[in-house]
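Everything below concerns the one structure shown next.
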Amino acid sequence: MTFKDQQGQQDRDLARIELRTLKPVCDLNPEKFQGVGLERSMRIERNGQWTEVPRVCVSGVSFGVEGLSLSGDKAGVGIRLTGKSTDRNESAEIMIYALRDEVLCFLVEPCPSRENQNHEIRQCNRRLD
């Protein structure tokens, strides 16, 4: 998918995102479980250079193109993935920031707060590493 630069006067690409199809992988992590799962991968192209998105950023969330949005400028791009958690039966939101050669990923989740007497929805970003 190609995203156009909406800020500039010229018709240039802000970024291209490549979502790769699901592929079977073996999970040998003894803290979770061992077995075969399906994994999606993603990479981002900016200024002619491709950057791989870490596996942890897109694993555990089932999403489609309709759950993908992007914003950015010369410094980098931010990608918002919304979908369904593959572990729990609830929605999930992942924020991915591609800045130069670095990719940062965060899971958006409700913040635990004792002061939240009005039951306001507050969200925190938990870094995925």
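Heads up: take any position in the sequence shown, counting from 1, add 96, and you land on the working numbering. Yeah, the Cβ is synthetic: ideal placement off N, Cα and C, and Gly gets one too. Remember, it's a predicted structure, so these values are computed and weren't measured experimentally.
| Check | Outcome |
| --- | --- |
| Chain-order list of residues whose beta-carbon lies under 8 angstroms from that of residue 166 (same chain, five-residue window excluded) | 99, 110, 111, 113, 173, 174, 175 and 176 |
| Distance CB(residue 182)-CB(residue 156) smaller than 8 angstroms | yes |
| Residue 141 - partner residues in DSSP beta bridges | 112 and 146 |
| Close Cβ partners of residue 105 (< 8 angstroms) along its chain, the five nearest in sequence each way excluded | Confidence at residue 105 is low in this model, with a pLDDT of 46, below 50, so the placement of that residue should be treated as unreliable; the coordinate-derived value is given next. Cβ within range, chain order: n/a, list empty. |
| Separation of residue 144 from residue 154, as counted between CA atoms | 23 angstroms |
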